């Protein structure tokens, strides 16, 4: 459903990518993606999801889904709301929004049924293996100690990625792998793909960049 | 900041008010508000907030705020994101999203500093008194057993409202009072205002109505 | 560490098994266990853990562990506290206390390192498979719709148990399987063992029994 | 129910006060209390509550209560369990276990009905005022930035305590005030009482002391 490899940019709750600026950054991502023929996807803040999804053509992800229920829930984000927003999928279980195991399973199953793309974040080898059996679209392996840091997981812990790629390939071959944490430039992207990943998940590297367009162009250069 | 009285419609997570339909319902509310000169405000689902706030001129509220922090948070709704969305304020501590006492205080204080309107939901007399000392813009008293039901709090428990209005008037005279739970029609609105409220908070009555426009027109008739 | 099969009795938060009565019920379990040479273990309420563990010789489990950390935590149950209590292990991720996936992994790993017995509860086939890769001592499969009910999982859904037993045997052969939900009598225990389980996990069947001793005797008869 | 002033020692999750050592520390507190005729109360770890409450005569508190419900709850601490443990009351809403506003109210009301002593922790002036209207037995004011530190709240922020004492005296005169955060010695205790408090709440000062007996003796010297 998504042309691979993918560079997925999580806007987190950075003021630099909030409201009007969410839209601007998403449009820059769209332009870089179209100019280079490389898939760039964005995960804006919860409140900006419908707006961004309506205004850009690149794939838009929610940062989280609370539940498969609908109705008498206030302040929650339902799978239905994400689907109706025009998003193509969602991050789940991000290090900053860890989820209950059985809820990941319930939500992923319903996302699969609805052709929504699920990106389940994990923190280490064993959790990656375990959650791959839930059969999300992607596992995004992000060692927490590297998140927001200056060293890419692909340099700091390439063996973790290699082991996850290999194990998941055996346990759940349909599940893709994204490398996250510390990814900053085209070299990191290139390395992630060489290690067998289907793309990368990153945040501050783009959102807090002085020049997000140039950073995105550098990132896609790792694919081309 | 809000012309009183106010009829505040919480879209909850009803599929009837999600995505494109959120926008449609908000526009109906805008029309009924403008035609009748009565303040109608809407609280769409989290993911629809920026979109709805951009497309209608009536006051738009968030259903919830998680934190006053910004930055390395994924899947959360920050005060900054709500402000940047164009919303005028937020519900807090709804029965379906109860909040930690000290966090309500921290968020309300920061909302006051940012001229955002805070609507703190409460479940009974004592909690209403206590949270009025936090000095939100409004306390919305909603006895949980009446939420989503057919009998308005103004009929079922008028004495709770009267006691809250009186106590808050003494403890925190700047804090407004909304009546919630079971509000369905103009008669309920009229009664709420007679009991000393500054408006009403409702959800299913409008969102699940066969004819939301007519329901809204009936509701505003309670003001005129 | 535990002589199998095991009948594990969760006291939940039943007043019938609280305080002084926790001790009484644990002593009855101890007597029935010793008289029949069948392992009965008990999981008393959190506040009763140290007391019960000190007073009986049968294996005592915590109902939950919050964290592997120690120190500046108030109102939490740490792995260290459980270890120091004299308990031999803990339930984790019970349907009434679901846990974050990565925390289950972190706690189980630390329990393994400390020779503590971990019983990770799961709700269905897929979650059971996934969490078996975390390598707890036991997976306790409890379809939530049968918990507290009158029909044992071994009668209502024997195929779920069979599939879990088979899959876990392949994925993580060292992990034991307990059958939970609706287990009430010796026949249910017998059936669980025939299906390949290493024991059962039950609660109300014993705790709310008019005659817990007789119920326990009936349960152990399923083993003998 | 408690002879004032009180020195309330929270064992937190310190390994120094876990299991067997919880009992030892509680016994030291009991001895110092009896020798000096000053009320010392202890709040051991959740799992040690029943054991400690059974073995010492000084007042024993829970560190937390989850709910007023009983029954099908696993890994939670109910009001009933705390009562049955022999504890005289509980801390609530500690900085390390903040609680939902309406749940504090529900639990305090039920504790009042059961003659259990409630100690509601608060972080600042406004939250203290608000939660005093819930009418707990005590408000324990603990500015979070001083918790676990070397400077007592009575030295660092005496004016916060004075303001809370004064405001609560007006709003809810039956509610007592404890000073917490950074309390370490008899001088801090003396100062707290001079500022109008009914006692102190402390943790590391005693639990991590090289000589808890001497520290406790120093603390009670502030009362005598």
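Residue numbers (the working numbering), protein chains in the order written: chain G, 3 to 226; chain L, 3 to 226; chain U, 3 to 226; chain P, 3 to 226. Glycine is no exception: its CB is placed at the ideal position from the N, C-alpha and C atoms. Given the structure is predicted, the values throughout are model-derived calculations rather than measurements.
- When Cβ-Cβ separations below 7 Å define contact, residue 78 of chain L makes contact with chain G.
- In this structure, residue 4 of chain L and residue 136 of chain L do not form a Cβ contact; the two beta carbons are roughly 19 Å apart against a cut-off of 8 Å.
- Scanning the segment 94-135 of chain G from its first residue to its last, the whole beta strand (DSSP E) runs of 3-plus residues come out as 119-124.
- Annotation: Cβ neighbours of residue 136 of chain L in chain P (cutoff 7 Å, chain order): 128, 132.
- Counting only runs of 4+ residues, the alpha helix (DSSP H) found wholly inside the segment 135-189 of chain U occupies 155-158, 160-173, in chain order.
- When DSSP states are grouped into helix, strand and coil, residue 6 of chain G belongs to the coil group.
- Scanning its chain for C-beta atoms nearer than 8 Å, with the 5 sequence neighbours on each side dropped, one finds around residue 41 of chain U the residues 4, 5, 6, 7, 8, 9, 35, 60, 61, 201, in chain order.
- Any Cβ of chain L closer than 7 Å to the Cβ of residue 103 of chain P would place that residue at the interface, and such an atom is present.
- Nearest to residue 46 of chain P by C-alpha distance, out of P:71, P:72, P:11, is P:11.
- Residue contact with chain U for residue 107 of chain G: present (Cβ-Cβ distance below 7 Å to some residue of chain U).
- Counted as a single uninterrupted DSSP element, the stretch harbouring residue 70 of chain U is not any alpha helix (DSSP H), since DSSP gives it neither H nor E.
- Annotation: residue 50 of chain L to residue 101 of chain L spans about 22 Å, alpha carbon to alpha carbon.
- Against residue 12 of chain L, chain P offers no close residue; the least beta-carbon distance is about 18 Å (beta-carbon pairs closer than 9 Å).
- Taking 7 Å as the threshold, the shortest C-beta distance from residue 216 of chain L to chain P does not fall below it.
- Any Cβ of chain L closer than 7 Å to the Cβ of residue 115 of chain P would place that residue at the interface, and such an atom is absent.
- DSSP links residue 42 of chain P through a beta bridge to P:9.
- In the structure shown, the three-state DSSP call for residue 15 of chain G is strand.
- If you look at residue 202 of chain P, you'll find it in the beta strand (DSSP E) that goes 201-204.
- In summary, no residue of the segment 166-194 of chain G has a CB separated from any CB of chain U by less than 7 Å.
- In chain order, 102, 103, 104 make up the part of chain U whose C-beta sits under 9 Å from the C-beta of residue 95 of chain G.
- At least 7 Å separates the beta-carbon of residue 207 of chain G from that of residue 66 of chain L.
- At a Cβ-Cβ threshold of 7 Å, residue 199 of chain U and residue 181 of chain U count as neighbours.
- Rounded to the nearest angstrom, the gap between the Cα atoms of residue 70 of chain P and residue 144 of chain L is 21 Å.
- Cβ-Cβ distances below 8 Å link residue 170 of chain G to 130, 131, 134, 141, 177, 179 in the same chain, with the five nearest sequence neighbours on each side left out; the list follows chain order.
- A Cβ of chain P is located within less than 7 Å of the beta carbon of residue 125 of chain L.
- The Cβ-Cβ distance between residue 223 of chain L and residue 188 of chain L falls below 7 Å.
- Beta bridge pairing from DSSP links residue 34 of chain G with no other residue.
- When 8 Å is used as the limit between beta carbons, residue 84 of chain G is near these residues of chain L: 49, in chain order.
- Partner residues in a beta bridge of residue 54 of chain L, as assigned by DSSP, do not exist.
- Rounded to the nearest angstrom, the gap between the Cα atoms of residue 91 of chain G and residue 63 of chain G is 5 Å.
- Ranking P:107, P:215, P:14, P:113 by CA distance to the CA of residue 96 of chain P puts P:14 first.
- Burial of residue 190 of chain U is indicated by the presence of at least 16 other C-beta atoms within 10 angstroms of its C-beta.
- With its beta carbon less than 7 Å from one in chain P, residue 53 of chain U belongs to the interface.
- At a cut-off of 7 Å between C-beta atoms, residue 154 of chain U does not count as an interface residue with respect to chain P.
- Residue 107 of chain P and residue 122 of chain P have their C-alpha atoms some 10 Å from each other.
- Residue 62 of chain P has P:44 as its beta-bridge partners, per DSSP.
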